[in-house]
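Okay, structure first, notes after.
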Amino acid sequence: RDFLPRGSGIVTRRPLVLQLVNSSTEYGEFLHCKGKKFTDFEEVRLEIEAETDRVTGSNKGISPVPINLRVYSPHVLNLTLVDLPGMTKVPVGDQPPDIEFQIRDMLMQFVTKENCLILAVSPANSDLANSDALKIAKEVDPQGQRTIGVITKLDLMDEGTDARDVLENKLLPLRRGYIGVVNRSQKDIDGKKDIQAALAAERKFFLSHPAYRHMADRMGTPYLQKVLNQQLTNHIRDTLPGLRNKLQSQLLSIEKEVEEYKNFRPDDPARKTKALLQMVQQFAVDFEKRIEGSGDQIDTYELSGGARINRIFHERFPFELVKMEFDEKELRREISYAIKNIHGIRHVSRTRQTVGCIALTGLFTPDMAFETIVKKQVKKIKEPCLKCVDMVISELINTVRQCTKKLSQYPHLREEMERIVTTHIREREGRTKDQVMLLIDIELAYMNTNHEDFIGFANAQQRSSQMSKKKAAGNQVGQVIRKGWLTINNIGIMKGGSKEYWFVLTAENLSWYKDDE
Numbered sequence: 001r002d003f004l005p006r007g008s009g010i011v012t013r014r015p016l017v018l019q020l021v022n023s024s025t026e027y028g029e030f031l032h033c034k035g036k037k038f039t040d041f042e043e044v045r046l047e048i049e050a051e052t053d054r055v056t057g058s059n060k061g062i063s064p065v066p067i068n069l070r071v072y073s074p075h076v077l078n079l080t081l082v083d084l085p086g087m088t089k090v091p092v093g094d095q096p097p098d099i100e101f102q103i104r105d106m107l108m109q110f111v112t113k114e115n116c117l118i119l120a121v122s123p124a125n126s127d128l129a130n131s132d133a134l135k136i137a138k139e140v141d142p143q144g145q146r147t148i149g150v151i152t153k154l155d156l157m158d159e160g161t162d163a164r165d166v167l168e169n170k171l172l173p174l175r176r177g178y179i180g181v182v183n184r185s186q187k188d189i190d191g192k193k194d195i196q197a198a199l200a201a202e203r204k205f206f207l208s209h210p211a212y213r214h215m216a217d218r219m220g221t222p223y224l225q226k227v228l229n230q231q232l233t234n235h236i237r238d239t240l241p242g243l244r245n246k247l248q249s250q251l252l253s254i255e256k257e258v259e260e261y262k263n264f265r266p267d268d269p270a271r272k273t274k275a276l277l278q279m280v281q282q283f284a285v286d287f288e289k290r291i292e293g294s295g296d297q298i299d300t301y302e303l304s305g306g307a308r309i310n311r312i313f314h315e316r317f318p319f320e321l322v323k324m325e326f327d328e329k330e331l332r333r334e335i336s337y338a339i340k341n342i343h344g345i346r347h348v349s350r351t352r353q354t355v356g357c358i359a360l361t362g363l364f365t366p367d368m369a370f371e372t373i374v375k376k377q378v379k380k381i382k383e384p385c386l387k388c389v390d391m392v393i394s395e396l397i398n399t400v401r402q403c404t405k406k407l408s409q410y411p412h413l414r415e416e417m418e419r420i421v422t423t424h425i426r427e428r429e430g431r432t433k434d435q436v437m438l439l440i441d442i443e444l445a446y447m448n449t450n451h452e453d454f455i456g457f458a459n460a461q462q463r464s465s466q467m468s469k470k471k472a473a474g475n476q477v478g479q480v481i482r483k484g485w486l487t488i489n490n491i492g493i494m495k496g497g498s499k500e501y502w503f504v505l506t507a508e509n510l511s512w513y514k515d516d517e
């Protein structure tokens, strides 16, 4: 049956938990439509699309909330699959800027579970070494113990090339190997090519292709279906003893807890108060551990809590700063206009010296021009700073929700605790942003041109002097290009009118003195 949505761009925008049940009758059931049987699988497709849009909107948004679909059919084997969104790096439509991180986190929620098998789907017409599916599978399953490789688009490879080494498990070996399939193209779907015809065409492709005919019995969609059922059965059998031991351990723990509650009186106000305080204290401890990264419940598969906040500060925030637009040509134009506007009608007139005449206009750049340009650039970091605060606030609120999961049996208490803590965080959000703005305003209020990193006149002169001393120590005397008297007047920063200075121009620097000695 053909009921999964197809199209260009990102189509799967919510996880689809698909339970296949072998049955004499054929129909589908959605968990969110209890009691309703879908016998027309075109309606199943439309319901998947409608349910996706109900949560994510119709403009490419995503959500980690799964859609649960159970399909009964005599043509399927008992199997449970989870269809996940493919990796995307560039946001489109209503997708957030961090769409890549959100989809990655969504994938990790499923593939990190030790009891699940990973179906890593990769196209044959692209470099397998760059496969996002295999990369993520390698992270959570480095030994390849529970990863099955699926190679698609074998019929679209360049002429003269094939994926034989991959399918024979020689290139990037997996314990469970690779299976090749040939799906219908969009043209086939538009032409209403049915599944049976597609399976026949797939079979013919493998039997007729010289690189695949020797392994045709181990290729194709029907074989993939059998392998998945068999591998899942074997995987369950392998993990069942450990699961049984875990359940027995939990049962003993619960029985011990039940013994402690034999004399429990639920109507005792003192017990209620004590229980409430214990839950609040436990929430505070869990929240602190998630932020500080301490405790024994450390996630070894993905970043969480304080680690995600640390990533915001050291990766996301610098990335936002680098993204700020900087037009060097526009900056030079602004500097030029600022200097000219601040000089106004003032200028340095043409002057006479003993070795000739030179025309100087604005020999000394006013501090006001420098500060005007620099302040404009500093103001640009306000937006990335505020965005950084927003991202941290979002992570804190998400951490609160993670910590209140233990209160799921008390939904009203959980809701109230989340409300109180979230409100407190939101109140501090405003104060935090005020402090960030204050810090930027402080930086704008005073430009420390005496800082060692600032390359101004004083530091440039000092560095030039140091270089001159080093050259003198090495018996390397700078060659004098020109020297002589120079009269400078009409400069606002010089009091007392015009003054004469003795100028010496060398290959390294320009110096001036009160006299020629």
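The opening residue of the sequence shown carries number 1 in the UniProt record's numbering; numbering runs sequentially from there.
A virtual CB, placed ideally from N, CA and C, is assigned to each residue, including glycine.
Remember, predicted model here, so these are calculated numbers, not experimental data.
Check                                                                                                                                                                     : Outcome
Would Ala-198 count as contacting chain C if we go by Cβ distances under 7 Å?                                                                                             : Among the chains of the structure shown, chain C does not appear; only one protein chain is present.
Do Val-378 and Glu-334 have their CB atoms nearer than 7 Å?                                                                                                               : no
Assign Asn-115 to one of three DSSP states: helix, strand, or coil.                                                                                                       : coil
Taking just the CA atoms, how far does Tyr-446 sit from Leu-439?                                                                                                          : 12 Å
Using a Cβ-Cβ cut-off of 7 Å (strictly less than) and excluding sequence neighbours within five positions of Gln-476, which residues of its own chain qualify?            : Note that Gln-476 scores 45 on pLDDT, short of 50, meaning its location in the model is unreliable; the coordinates nonetheless yield the value given after this. Contacts found: none.
Is DSSP giving Gln-476 helix, strand or coil here?                                                                                                                        : Low confidence applies to Gln-476: its pLDDT is 45, below 50, so where it sits in the model is not reliable enough to give any reading.
Please name the residue in Tyr-223, Ser-511, Pro-269, Gly-93 whose C-alpha comes closest to that of Arg-13.                                                               : Gly-93
Which residues share a DSSP beta bridge with Pro-123?                                                                                                                     : Thr-152
Just the Cα atoms here: how many angstroms apart are Asp-390 and Leu-276?                                                                                                 : 31 Å
Does the pairing of the region 166 to 184 with the region 217 to 234 give three or more beta-carbon distances under 8 Å?                                                  : yes
In chain order, what residues of the same chain have a beta carbon less than 7 Å from the beta carbon of Val-11, not counting five sequence neighbours either side?       : Pro-5
Given that a residue counts as buried once 16 or more other Cβ atoms are within 10 Å of its Cβ, and exposed if not, what is Val-111?                                      : buried
Let's test the definition: count the other Cβ atoms within 10 Å of the Cβ of Arg-290 and tell me whether it reaches 16, buried, or not, exposed.                          : buried
Distance, Cα to Cα, Thr-399 vs Ser-185?                                                                                                                                   : 43 Å
Tell me, please, which residues DSSP counts as bridged to Lys-483.                                                                                                        : Val-504
Whose C-alpha, out of Gly-306, Ile-425, Lys-272, is nearest the C-alpha of Glu-288?                                                                                       : Gly-306
Specify the secondary structure class of Tyr-446 as computed by DSSP and reduced to three states.                                                                         : coil
Once DSSP output is grouped into helix, strand and coil, what is the label at Asp-83?                                                                                     : strand
By how many angstroms is the C-alpha of Leu-232 removed from the C-alpha of Leu-240?                                                                                      : 12 Å
Quick one: any contact between the region 163 to 177 and the region 135 to 145, if contact means 3 or more CB pairs under 8 Å?                                            : yes
Tell me whether the beta-carbon of Leu-107 lies closer than 7 Å to the beta-carbon of Leu-20.                                                                             : no
CA-CA distance, Ile-485 and Glu-328?                                                                                                                                      : Just to set this straight, residue 485 is Trp in the shown sequence, not Ile. Taking the straight line from one Cα to the other gives about 37 Å.
Are Val-17 and Gly-28 closer than 7 Å when you measure CB to CB?                                                                                                          : no
Can you grab the Cα-Cα spacing for the pair Trp-512 / Asn-450, in whole Å?                                                                                                : 22 Å
Please specify which runs of the alpha helix (DSSP H), each continuous and at least 4 residues long, are wholly inside the region 154 to 188, giving them in chain order. : 164 to 167
Nearest-angstrom Cα distance between Arg-237 and Asn-59?                                                                                                                  : 43 Å
Ordered along the chain, which non-local residues of its own chain (more than five positions away) have a Cβ less than 6 Å from that of Arg-419?                          : none
Are the CB atoms of Asn-125 and Lys-153 within a distance shorter than 7 Å?                                                                                               : yes
Helix, strand or coil for Gln-409 per DSSP?                                                                                                                               : coil
What does a CB cutoff of less than 8 Å around Pro-97 pick up in its chain, not counting 5 residues either side in sequence?                                               : Pro-91
How would you call Tyr-261, buried or exposed, if buried means at least 16 neighbouring beta carbons within 10 angstroms?                                                 : exposed
Buried or exposed: where does Gln-95 fall if 16 or more other Cβ atoms within 10 Å of its Cβ makes it buried?                                                             : buried
What number of angstroms, rounded off, separates the C-alpha of Glu-292 from the C-alpha of Met-417?                                                                      : 21 Å
Give me the Cα-Cα distance between Ser-336 and Lys-380, rounded to the nearest whole angstrom.                                                                            : 20 Å
Tell me the residue span of the beta strand (DSSP E) that contains Ser-73.                                                                                                : 67 to 73
Which runs of the beta strand (DSSP E) fall wholly inside the region 270 to 323 and span at least 3 residues, in chain order?                                             : none
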